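Following: one structure in structure tokens, then a few remarks.
Protein chains: 2
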Amino acid sequence: MRKAAGARVHRGVGVALWRQVADGIRSAIAAGIADGQGRLPSEVDLASRFGVNRHTVRAAIQALAQEGVLAAEQGRGTYVRRQRKLVYPIGARTRFSAGFDGQARTTSVELLDHGEEAAPGVVAEALGFAPGSRLPRVETLGKADGVAVSRATHWFAGGRFRKVAATIGRTGSITRALAAVGIRDYVRASTLVEASHADVGDTQVLGLSPGAIVLVTRALNHDPAGAPIQYSVSRFPADRVELII
Amino acid sequence: MRKAAGARVHRGVGVALWRQVADGIRSAIAAGIADGQGRLPSEVDLASRFGVNRHTVRAAIQALAQEGVLAAEQGRGTYVRRQRKLVYPIGARTRFSAGFDGQARTTSVELLDHGEEAAPGVVAEALGFAPGSRLPRVETLGKADGVAVSRATHWFAGGRFRKVAATIGRTGSITRALAAVGIRDYVRASTLVEASHADVGDTQVLGLSPGAIVLVTRALNHDPAGAPIQYSVSRFPADRVELII
DNA sequence: CTGAATGGTCTATTGATCTAGACAACTGAA
DNA sequence: TTCAGTTGTCTAGATCAATAGACCATTCAG
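Going line by line, the protein sequences match chains X and Y. Going by numbering that gives the first Met the number 0, the first residue of the first sequence is number 0, and it counts up by one from there. Going by numbering that gives the first Met the number 0, the first residue of the second sequence is number 0, and it counts up by one from there.
Here it is as structure tokens:
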């Protein structure tokens with residue numbers, strides 16, 4: 000039998016111990032390390048569980064407090080503030096707005112940027128264009144209860160989609176924007192999932208600390224006839240969102 | 000317009016710069032930073048792209064060389080050794096052995112450990128048992144061309160599956176092991192995907208460096224009648240594998 | 001009110017990480 | 001052969017990360 004939860008820490012691998020402890024605490028919360036009132040074990044206790052100095056634990060807690068996960072209260076203890084991950088469903092008929100229904104009181108899609116640019120090779124190809132073709136591109140930010148939960152780049156299959164960007168900005172819905180150009184229905188043909196570290200854009204737009212993990216999905220949407228419409232690359236903060244298929 | 004590829008580096012966030020650069024190079028390789036011969040830009044060039052000292056780039060390259068991703072050759076340059084990620088399909092009828100067909104010459108499933116233990120609450124519940132029930136548990140290691148690509152824990156719905164472990168060890172196939180206890184067919188009812196840092200077991204079993212990222216899937220398999228059979232938690236190294244749905 | 005338990009602050013020391021610069025060793029093309 | 005371009009090695013200093021210990025401030029149960 001191993002020591003309770005705790006998961007010891009790795010030294011000399013390029014990840015600071017306080018960050019490993021922070022990640023460890025985050026996942027220990029999910030595994031139920033906090034008591035009924037959401038109170039964490041004391042700093043001294045955590046330090047011995049992770050096999051590090053108390054000051055290192057404090058650094059980890061500070062980082063998590065800044066993220067809004069924990070709140071420390073002198074004399075009382077450290078408490079969990081935000082706990083549950085949102086679950087984002089992926090299926091043939093996924094719509095962002097419907098995705099978080101019942102999990103968040105409010106959801107929104109904001110338009111960050113748009114334009115017409117040379118699409119990356121894989122994207123152009125998937126949409127049926129020659130590599131390097133200039134295609135409409137839209138950047139969006141998804142929020143649930145005011146917290147950023149996704150950052151996506153959408154590429155559209157040709158100039159007739161030029162005005163979707165404006166419509167997304169107005170209505171906050173991609174589905175409605177596509178309806179406005181005559182696409183009444185669409186289905187998701189395939190989705191690729193990978194994971195990587197947050198890049199500079201993620202840290203800024205999603206408010207992540209660098210070193211955080213993002214789930215990346217690449218999806219291709221077809222119209223009912225099977226013609227490609229839209230290719231989307233979405234980035235979800237792995238500490239706030241998980242995907243269900 | 001931003002500087003070419005490169006993706007600058009974040010300071011003071013608990014991840015050593017050499018590790019960030021190593022991760023950055025790995026993803027830049029996927030994005031095509033190497034030339035036709037698989038040759039990387041020079042160390043001086045990389046240093047200026049990432050905005051760090053040449054010695055920091057060297058530390059990153061050393062780490063990647065140890066992983067088998069790169070090989071440096073004095074006087075000539077640094078070359079890519081391993082590049083393509085494997086693509087693991089997730090669908091209603093996913094079978095591990097078939098998953099990497101066409102991508103790897105050989106695939107195998109090894110039995111690491113097995114026994115009968117108290118299943119975690121969510122697992123027992125999903126399989127239709129009371130929390131804390133003792134259920135058969137099997138740990139497997141999946142390999143493609145001799146490289147570890149997945150590490151999974153399978154829980155089975157009750158004692159009649161006790162002998163699947165032995166059969167998996169003999170045949171290297173979960174499908175065949177289930178057939179041996181009378182399950183001719185099964186389908187995947189749902190899959191949850193999340194991402195996290197590698198834990199101690201991952202670093203040992205999958206040969207990862209701590210701080211690496213793993214994709215975690217939680218899948219529930221039903222028999223054709225809809226009765227739960229098996230709950231599997233699989234861990235894939237995110238630098239070697241991506242998932243397609 | 002008292003005292004144990006808890007988080008908050010400070011100082012000091014050690015080792016890891018990052019930068020900087022100089023030069024050696026090797027490769028391949030001119 | 002020569003030389004520009006590359007990786008390999010060494011030294012030195014600056015900054016960050018981690019440990020250690022001491023003590024303060026706050027909370028809450030007895």
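Virtual Cβ for every residue (Gly too), placed ideally from N, Cα, C. None of these values were measured; they are calculated from a predicted model.
Give me the DSSP bridge partner(s) of residue i.
| i | result |
| --- | --- |
| Y:S149 | Y:G141 |
| Y:I212 | Y:H196 |
| Y:P88 | Y:I243 |
| Y:T190 | Y:A218 |
| Y:P227 | Y:H221 |
| Y:F155 | Y:Q229 |
| X:F235 | X:L214 |
| Y:Y78 | Y:R38, Y:A70 |
| X:L207 | None, per the DSSP bridge assignment. |
| X:D112 | X:E138 |
| X:S107 | X:K142 |
| Y:A117 | Y:R133 |
Would you say residue i lies against chain Y (beta-carbon separation less than 9 Å)?
| i | result |
| --- | --- |
| X:G206 | no |
| X:E241 | yes |
| X:R252 | Given a span of 0 to 244 for chain X in the structure shown, any question on residue 252 of chain X remains unanswerable. |
| X:H153 | no |
| X:M0 | Because the pLDDT at X:M0 is just 30, under 50, the model does not fix this residue reliably, and the value given afterwards should be weighed accordingly. No, its Cβ sits nowhere closer than 9 Å to a Cβ of chain Y. |
| X:Q65 | no |
| X:A21 | yes |
| X:A70 | no |
| X:V14 | yes |
| X:A123 | no |
| X:A62 | yes |
| X:R18 | yes |
With a cut-off of 9 Å, does the C-beta of residue i fall near any C-beta of chain X?
| i | result |
| --- | --- |
| Y:A3 | Per-residue confidence for Y:A3 stands at a pLDDT of 36, beneath the threshold of 50, marking its modelled position as unreliable; no derived number is given. |
| Y:A178 | no |
| Y:H54 | no |
| Y:A147 | no |
| Y:I89 | yes |
| Y:A237 | yes |
| Y:K142 | no |
| Y:H113 | no |
| Y:V79 | no |
| Y:V86 | yes |
Spell out a yes or no on whether the region 25–40 of chain Y and the region 218–236 of chain X are touching, meaning 3 or more CB-CB pairs, one atom from each, closer than 8 Å.
no
By the 8 Å beta-carbon criterion, what residues does the region 190–201 of chain X contribute toward chain Y?
T190, L191, V192, E193, A194, S195, H196, D198, V199
Under 8 Å: do the region 221–230 of chain X and the region 199–215 of chain Y share three or more Cβ pairs, one atom per stretch?
no
Taking only runs that begin and end inside the region 12–69 of chain Y, name each unbroken alpha helix (DSSP H) of 4 or more residues, in chain order.
16–29, 42–49, 53–66
Chain X contacts made by the region 25–49 of chain Y, where a contact means CB separation under 7 Å
S26
Given 8 Å as the limit, is there contact between the region 52–61 of chain Y and the region 8–25 of chain Y, that is, 3 or more CB pairs closer than that?
yes
Interface residues of the region 211–229 of chain X facing chain Y [CB-CB below 7 Å]:
I212, L214
When you check each C-beta in the region 157–177 of chain Y against every C-beta of chain X, which residues fall closer than 7 Å?
none
Three or more C-beta pairs below 8 Å linking the region 210–222 of chain Y and the region 180–189 of chain Y:
yes
Segments assigned alpha helix (DSSP H), at least 4 residues, entirely inside the region 157–187 of chain Y
163–170, 173–179
Quick one: any contact between the region 154–163 of chain X and the region 123–137 of chain X, if contact means 3 or more CB pairs under 8 Å?
yes
Does the region 135–143 of chain X touch the region 108–120 of chain X, meaning 3 or more C-beta pairs lie closer than 8 Å?
yes
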